Structure formats: C-alpha cells, structure tokens
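Written out below as structure tokens is the structure these notes cover.
Numbering (this note's numbering), first residue to last: 57 to 127.
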C-alpha cells in the first residue's frame, strides 16, 4: 500500500478501503474511515447527495487525516 504525502494532501491508494462516516457539511467536507481505523478528511467540489463515493473522490482533495480521537 503506497502513500505519498505532499503539501498536506493525502494521496490515497485505491487499494485502501474507505467507509463514509459523515458529510457533506455546508463546505463540502466529508469524513472517511479507512481499513486501518484512520480518519481522512476530504474536501469535495461536489455535494450532490446522489454521488457515489467514487464520484466524490474524483472531485476534490484530501485535506487531512487523524487516528482515533486525535485531531
């Protein structure tokens, strides 16, 4: 599983399984949980409620991550 960190953006390997936890809020922010129990914050450019996870992830960028209750 390869991960690249650059300029605070998390480039996600497609092999990591993601579960949508919350979102979108008014700013288009989604929270995902990956298969290792880490939470990832994604800022989407689309907030269409009918969008699939794949569509959401194609329209925006990763803006942060944390593990458990640590922000």
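Ideal Cβ placement from N, Cα and C applies to all residues, glycine included.
Computed from a prediction, not measured in an experiment: that's the story for all the values here.
Could you tell me which whole beta strand (DSSP E) segments of length 3 or greater appear in the stretch 91 to 127? 94 to 100 and 116 to 123
Looking only at its chain, what residues have a beta carbon closer than 6 Å to the beta carbon of residue 119, apart from the 5 residues adjacent to it on each side? 97 and 99
Residue 78 in three-state terms, based on DSSP: strand
Selection from 85, 81, 80 and 91 that minimises the alpha carbon distance to residue 74: 91
Proximity of residue 101 and residue 80 at Cβ, strictly below 7 Å: no
At the level of alpha carbons, what is the spacing between residue 124 and residue 112? 23 Å
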